[in-house]
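For the protein sequence lines, the chains are A and B, in the order given. Take 1 as the starting number for the first sequence in our numbering and just add one per residue. Take 1001 as the starting number for the second sequence in our numbering and just add one per residue. Ideal Cβ positions, reconstructed from N, Cα and C, are used throughout, including at glycine. Here the structure is a predicted model, which means the values were calculated and not measured.
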Amino acid sequence: MTIALTQTAGSVGTKILSVGSFRPARVVTNAEICARIDSTDEWIQERSGIVERRWAGPDVSVVDMATAAAEKAMASSGISAEALGMVIVATVTHPYVTPSAAAEVQDRIGAANAASMDLSAACAGFSYAVALASDLVRCGTCTHVLVVGVEKLSDWIDHEDRGTAFLFADGAGAVVIGPSDVPGIGPVVWGSDGSQKDAINMTQSFIDYRDVGGDIFPALTMQGQQVFRWAVTEMSKAAQAALDAAGITADQLDAFIPHQANNRITDALVRALALPDTVAVARDITHMGNTSAASIPLAMDALLESGKAPRGGTALLIGFGAGLVFAAQVVTLP
Amino acid sequence: MSQQDILEGLAAIVNEVAGVPVEDVQLDKAFVDDLDIDSLSMVEVVMAAEDKWGVKIPDEEVKNLRTVGDAVTFISANS
């Protein structure tokens, strides 16, 4: 006979309780980048909007950055580390196959009761993790979840590749997600198109590098125009679908916080969504470069700190990148 | 649709995307060297042309479209 088992039921609503970020100390200018590639400050700014970026030094690891951002988010969350039921670290640059970065973060912040895992969805990783965290709380599996987006992309760049050397950078951002009487995280609109796996990938596998060798250590490589076309056409649809799913219109937004891939992609999305001037648009890429899974929480923290977006306001998030994968959702800002 | 119609439509698109004066967009002008259209603006021009004329211009074809005339010929032959 089939026995009906007990299943959990959680909070009807969820929200982001707090955000924290970590920006590495070292500022890397376009002039420094151009010492190794045939390019100019003007070219880089025109193509990407990037004026400078941050790179972490050799003594600062993915786990160090993740922990620093997590501690800031926890400090303003109003909950104790013991209350966390899960730590999710979205990253593609933790330089170990195992154990996960999340396990180490869980230990360092004293989240004694939390499970932990890393999540690999590249530049969409943060939005993927927010969706999962929200559902964990809604299902009653956890009461609170820590989500960290962190990357140390400077370790995985071909510094001689003029298509990517100027683009990628390092940093971390974290949020704490918990229950809420007023629903504060809209339905996720997400997807995957693995047929475009070559649009952003690695120059070769680590096994091939070990066994066959090569000119450079495996590094990120990107088909810029292919990614740009996909981002501009498909992400505007996903972003609109996320607004529809949350039951709001673009003019009700206080902020638009897309993955900081390239200011030109952001410009195209702002046009496609017909965002009014009243919506604050994240441009954190200007001084941070493209930090993949870290870019949305870093940009969120910057918009709130600068007062450009109001606490408790409504923001549209969209992450998109290697896979190709994407995820978008509307959230209430902490 | 005449080549002149396509040229005028393309000039309007190039103007909208990159701010290039409509009268500068002539058949013999190269997108990159003469009109200063960068690779990302070129993608936006191509996407707008695809919408306007219902053509498919794959990424591998885009690099063959060196001049405005190349683009007009391709659109004319494939729309």
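Beta-carbon neighbours of residue i, restricted to chain A and to distances below 8 Å
i: MET1047(B); result: ARG229, VAL232, THR233
i: ASP1059(B); result: GLN223, GLN225, GLN226, ARG229
Counted within 10 angstroms of its Cβ, other Cβ atoms place residue i as buried (16 or more) or exposed
i: PHE228(A); result: buried
i: CYS139(A); result: exposed
i: MET1001(B); result: exposed
i: PRO276(A); result: exposed
i: THR164(A); result: buried
i: ASP301(A); result: buried
i: LYS72(A); result: buried
i: LEU335(A); result: For chain A, the structure presents residues 1 to 334; residue 335(A) sits outside this window and is missing.
i: VAL1014(B); result: buried
i: PRO58(A); result: exposed
i: SER127(A); result: buried
i: MET74(A); result: buried
i: ALA355(A); result: Residue 355(A) is absent from the structure shown; chain A starts at 1 and stops at 334.
i: ALA1049(B); result: buried
i: ILE285(A); result: buried
i: ASP38(A); result: exposed
i: ARG47(A); result: buried
Spatial neighbours of residue i in its chain, beta-carbon cut-off 6 Å, leaving aside the 5 residues before and after
i: CYS142(A); result: GLY85, MET86, LEU136
i: LYS1030(B); result: In the sequence as presented, Lys is not what sits at residue 1030(B); that position holds Ala. Hits under 6 Å: ARG1066, THR1067.
i: SER76(A); result: SER18
i: ASP158(A); result: ILE216, ALA219
i: VAL1017(B); result: SER1041, GLU1044, VAL1045
i: ALA293(A); result: ALA90, THR91, GLY125, PHE126, GLY149, GLU151
Selected residue, minimal CA-CA separation from residue i, among the options
i: ILE296(A); options: TRP55(A), PRO310(A), PRO276(A), ALA328(A); result: ALA328(A)
i: HIS287(A); options: PHE217(A), ILE248(A), ARG108(A), GLU52(A); result: GLU52(A)
i: LEU220(A); options: ALA4(A), TRP156(A), ALA83(A), VAL175(A); result: TRP156(A)
i: ASP1059(B); options: LEU243(A), LEU17(A), TRP230(A); result: TRP230(A)
i: LEU1040(B); options: GLY49(A), GLY173(A), GLY194(A), ARG283(A); result: GLY49(A)
i: ALA239(A); options: GLN226(A), ALA255(A), THR8(A), GLN225(A); result: ALA255(A)
i: ALA322(A); options: GLN223(A), SER306(A), ASN263(A), ALA165(A); result: GLN223(A)
i: ALA280(A); options: GLN260(A), LYS308(A), LEU298(A); result: LYS308(A)
i: GLY346(A); options: ALA294(A), THR266(A), VAL189(A), ILE200(A); result: In the structure as shown, chain A begins at 1 and stops at 334. Residue 346(A) is therefore absent and cannot be evaluated.
i: ASP208(A); options: PRO218(A), ILE185(A), LYS152(A); result: PRO218(A)
i: ASP97(A); options: PHE206(A), LEU273(A), ALA131(A); result: Before going further, note that residue 97(A) is Val rather than Asp in the sequence given. The shortest C-alpha separation from VAL97(A) is found at PHE206(A).
i: ALA68(A); options: ILE177(A), VAL150(A), LYS15(A), LEU303(A); result: VAL150(A)
i: PRO187(A); options: ALA242(A), VAL27(A), LEU5(A), VAL63(A); result: ALA242(A)
i: VAL232(A); options: SER1079(B), ALA1071(B), VAL1014(B), MET1042(B); result: MET1042(B)
i: ARG23(A); options: TRP55(A), ASP267(A), PRO179(A); result: TRP55(A)
i: GLY1054(B); options: GLU1061(B), ASN1078(B), ALA1071(B); result: ASN1078(B)
i: ALA250(A); options: ILE216(A), LYS237(A), SER18(A); result: LYS237(A)
i: ILE177(A); options: LEU316(A), ARG162(A), VAL147(A); result: VAL147(A)
i: ASP161(A); options: VAL12(A), ARG271(A), CYS34(A), SER306(A); result: CYS34(A)
i: VAL325(A); options: LYS152(A), GLN196(A), ASP211(A), ILE3(A); result: GLN196(A)
i: SER21(A); options: ALA133(A), GLY213(A), ASP170(A); result: ASP170(A)
i: GLY184(A); options: LYS15(A), THR2(A), ALA9(A), ALA174(A); result: LYS15(A)
i: THR291(A); options: ARG271(A), VAL270(A), LYS152(A); result: LYS152(A)
i: ALA261(A); options: LEU316(A), ALA124(A), ALA4(A), VAL63(A); result: ALA124(A)
i: ALA25(A); options: VAL12(A), VAL60(A), ILE3(A); result: VAL60(A)
i: ALA268(A); options: ALA172(A), MET235(A), ILE200(A); result: MET235(A)
i: ARG311(A); options: LEU303(A), ILE3(A), ILE109(A); result: LEU303(A)
i: MET202(A); options: ALA122(A), GLU82(A), ALA294(A); result: ALA122(A)
i: ALA199(A); options: VAL12(A), GLU42(A), PHE320(A); result: PHE320(A)
i: ILE257(A); options: LEU333(A), GLU32(A), ALA272(A), ALA111(A); result: LEU333(A)
i: ARG264(A); options: VAL130(A), TRP43(A), VAL63(A), SER80(A); result: TRP43(A)
i: GLU305(A); options: LEU316(A), ALA294(A), ALA282(A); result: ALA282(A)
Interface partners of residue i on chain B, CB under 9 Å
i: ARG47(A); result: ASP1038, SER1039, LEU1040
Contacts around residue i, its chain only, beta-carbon distance under 8 Å, and the 5 residues preceding and following it disregarded
i: GLN252(A); result: THR314
Beta-carbon neighbours of residue i, restricted to chain B and to distances below 8 Å
i: ALA268(A); result: GLU1044
Other residues of its chain near residue i: CB distance less than 7 Å, five sequence neighbours each side excluded
i: ALA114(A); result: LEU84, GLY85, MET86, VAL87, GLN106
i: GLY194(A); result: GLY323
i: ASP118(A); result: VAL89, THR91, HIS94, SER100, ALA101, ALA102
i: LEU132(A); result: ILE88
i: SER120(A); result: VAL92
i: GLN1003(B); result: VAL1072, SER1076
Cβ-heavy atom distance, residue i to the ligand NAD, below 7 Å
i: GLY125(A); result: Of the ligands one can find in the structure shown there are none, so the ligand NAD has no counterpart to examine.
Under 8 Å (Cβ pairs) to chain A, residues found in the segment 1023-1045 of chain B: Cβ contacts with chain A: ASP1038, SER1039, LEU1040, MET1042, VAL1043, GLU1044.
Can you list, in chain order, the residues of the segment 237-265 of chain A whose Cβ is nearer than 7 Å to any Cβ on chain B? Here the close residues are ARG264.
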